[in-house]
Amino acid sequence: MPAGLSVFLVALPLCLGIALASGVPLYSGLLSGIVGGIVVSLVSGSQLAVSGPAAGLVALVAASIISLGDMSSLFLAVLVAGIFQLLIGIFRLASFANYFPSAVIKGMMAAIGIILISKQIPLALGYNQPDFWTSGFLQLFSAGNFLGNISEFNHHITRGAILITLISLVILYKMQQDSAKKLKIIPAPLVVVVVAVLTNFLYTYFTSETLLKHNQLVNIPPNVFHDIKFPDVSNLFSNFKIWKEGIVIGMLATLETLLCIEAIDKLDKRNRITPINRELVAQGVGNMVCGILGALPVTAVVVRGAANADAGGRTKMSAFTHGLFLLLAVVFFPFLLNMIPYAGLAAILIITGYNLAKPQLFYGMWKLGLKQFLPFLITIIVILLTDLLVGVCIGLIIAVYFIIQDNFRIEFNLSKLQSENAKETYFLKLHTSVSFLNKVKLRRTLDEIPENCKLIIDGSETKFMDYDILEIITNFEISANQKKIELELRGIEKIALVKTAH
């Protein structure tokens with residue numbers, strides 16, 4: 009019970025903030041937390057993991073709403089994502105996540121962090137107009153009166169929201185320092201929410217310039233379940249985009265879940281290992297329920313799992329009780345939730361986004377070399393310019409290119425031996441596997457062999473040699489006679505080339 013209460017205090021502001029950032033009704037985030045706590049925990053084999061809406065899916069959910077055109081289709085996509093995860097778990101295919109290069113995954117998470125921060129800045133400033141980045145911020149630098157543009161911009165921001173944001177950011181920063189270890193028993197997001205509510209209460213005694221407007225506070229209706237909109241399942245087969253977006257959501261939710269499970273298992277003092285296929289079955293069931301109820305997709309979340317472990321959670325009943333606490337808060341105390349300023353939630357999500365895209369991460373990837381940094385950086389840039397799926401695919405292509413280059417660049421090497429009978433002798437050693445990927449380099453190497461010399465090509469240790477490589481060697485034998493090169497083949501069976509008339 010104490011661990012469940014602690015996780016509830018961490019999860020409540022995150023559920024609200026992630027729903028806000030995703031552009032869905034706040035009850036969708038709360039329902040997602042409830043399903044993640046009550047439903048997923050009962051099926052899951054993890055003792056410490058806690059599921060709920062994840063910051064890592066914010067950008068994808070927001071983009072899916074735009075792509076699909078309405079939230080009902082989004083929730084159908086969440087249902088498809090659940091089916092996808094359920095099938096992966098049933099057929100024991102969870103290990104596919106191990107085949108995603110680390111650089112691409114880190115780039116994906118960093119891009120999500122940047123998008124998360126950019127979406128929260130308007131709320132953090134209390135900006136009261138749409139299209140902050142196009143008609144708001146960029147308008148400052150348009151031709152004309154710069155001072156006038158600043159004055160117009162200031163007219164649309166709220167000083168009270170900015171003050172709450174700054175106070176919240178300071179609290180979150182200070183509570184992450186080692187000097188605040190004793191305070192870590194209190195969840196930092198809870199402290200931010202309480203301080204933000206108290207600050208807004210104090211605004212009532214000051215000027216109207218600082219007082220927050222009604223639309224800058226959380227607004228959960230008294231009977232939240234009355235406003236739930238169930239998706240029309242009959243539309244599931246009428247729009248191919250629903251399936252496409254659902255599979256993408258399912259893949260990203262699966263990746264994030266498996267990464268989080270790996271991290272949370274390391275926090276378990278009893279060294280218990282979560283069965284990952286069963287975990288995906290649990291996540292699939294949870295997301296199917298979320299899709300039917302109109303909730304955000306769920307994943308296992310490191311922040312909640314870490315809070316569970318720190319609070320002394322020992323079994324998955326702590327995750328279950330956290331879901332019960334969320335349910336009770338929504339049913340009986342919505343008026344308390346409606347006192348929370350959006351600016352405080354925005355500050356929490358800005359720090360969450362910063363933790364995903366820290367400058368230290370970029371520096372660390374740079375130190376690993378271009379073969380790690382380029383896939384990482386290109387994944388980020390393409391995601392920001394297009395969407396998550398395209399960015400990850402391009403990042404994978406770049407990463408695979410470097411992997412292929414590393415695996416096949418040293419499958420043969422050329423060395424010069426001591427001369428025999430005043431004739432230069434070269435030794436070309438073929439390694440274990442020589443494929444068509446080595447064609448260009450091998451042909452260039454053979455073309456550079458000088459005239460009037462001896463060349464030994466040794467393939468005695470080669471286990472696999474592509475037909476293309478044999479063809480190059482056979483062709484070279486013809487040109488070697490013309491260049492007066494003495495060719496000796498060891499362990500290589502020549503092929504007969506069939507000349508076709510054109």
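In this note's numbering, the protein residues as written are 9 to 510. Every residue gets a Cβ at the ideal spot worked out from N, C-alpha and C, and that includes glycine.
query                                                                                                                             : result
Buried or exposed (CB count within 10 angstroms, at least 16 for buried), LEU210                                                  : exposed
Residue environment, GLN490, which counts as buried when at least 16 other CB atoms sit within 10 Å                               : exposed
Rounded separation between PHE381 and GLU432 - CA only                                                                            : 43 Å
Nearest-angstrom Cα separation, counted from GLY97 out to THR394                                                                  : 30 Å
Whether SER40 touches GLY60 by CB criterion (8 Å)                                                                                 : yes
Identified DSSP bridge partners for PHE104                                                                                        : Partner(s): none; PHE104 has no beta bridge.
Own chain partners of ALA29 with C-beta closer than 7 Å, once the 5 adjacent residues on each side are dropped                    : VAL66, LEU124, LYS127, GLN128 and LEU357
ILE120 to LYS114 span [Cα, whole Å]                                                                                               : 10 Å
CA-to-CA distance, ALA71 to PHE214, given in whole angstroms                                                                      : 40 Å
7 Å CB neighbourhood of PRO197 in its chain, flanking five on each side removed                                                   : VAL18, PRO21, LEU22 and ILE356
Unbroken beta strand (DSSP E) run spanning ILE464, endpoints                                                                      : 462-466
CA-to-CA distance, ARG278 to ILE179, given in whole angstroms                                                                     : 33 Å
Local Cβ density within 10 Å of GLN368, reported as buried at 16 or more and exposed below that                                   : exposed
Through-space distance from ALA488 to LEU422, alpha-carbon basis                                                                  : 17 Å
Other residues of its chain near ALA509: CB distance less than 6 Å, five sequence neighbours each side excluded                   : The pLDDT assigned to ALA509 is 35, lower than 50, so where the model puts this residue is not dependable, and the model offers no usable value.
N-terminal and C-terminal residue of the beta strand (DSSP E) that ARG498 is part of                                              : 494-498
Exposed unless 16 or more other CB atoms sit within 10 angstroms - verdict on GLU253                                              : buried
Rounded separation between LYS366 and MET373 - CA only                                                                            : 11 Å
Rounded separation between TYR362 and LEU177 - CA only                                                                            : 11 Å
Cβ-based neighbour list, ALA271, same chain, cut-off 6 Å, excluding 5 preceding and 5 following                                   : VAL310
When LEU425, THR470, ILE486 and ASN446 are compared against HIS462, the one with the closest alpha-carbon                         : Note that residue 462 is Lys in the sequence shown, not His. For the residues LEU425, THR470, ILE486 and ASN446, the minimum Cα distance to LYS462 belongs to LEU425.
DSSP state of SER52 mapped onto helix, strand, coil                                                                               : coil
For ILE388, the nearest candidate out of LEU404, ASN346 and LYS324 (CA to CA)                                                     : LEU404
ILE269 and SER103 closer than 8 Å at C-beta                                                                                       : no
Nearest-angstrom Cα separation, counted from ALA290 out to LEU95                                                                  : 11 Å
Enclosing alpha helix (DSSP H) for THR207 [first to last residue]                                                                 : 196-211
Validate contact between the stretch 298-313 and the stretch 339-352 using beta carbons, cut 8 Å, 3 pairs                         : no
PHE420, DSSP secondary structure in three states                                                                                  : strand
The stretch 314-328 / the stretch 255-267 touching (three or more Cβ pairs under 8 Å)                                             : no
Alpha-carbon to alpha-carbon, GLY90 and VAL241                                                                                    : 14 Å
Contacts around LEU386, its chain only, beta-carbon distance under 7 Å, and the 5 residues preceding and following it disregarded : First, the amino acid is wrong: residue 386 is Ile here, not Leu. Excluding residues within five positions, the ones whose Cβ falls inside 7 Å are ILE402, GLY403 and ILE406.
Length-filtered (3 minimum) beta strand (DSSP E) runs lying within the stretch 369-406                                            : none
Nearest-angstrom Cα separation, counted from ALA337 out to ILE236                                                                 : 17 Å
First and last residue of the uninterrupted alpha helix (DSSP H) at PRO342                                                        : 342-345
Beta-carbon contacts of GLY331 that lie in its chain and below 6 Å, excluding the five residues immediately before and after      : ILE42, GLY45 and ILE46
Distance CB(GLY313)-CB(LEU266) smaller than 8 Å                                                                                   : no
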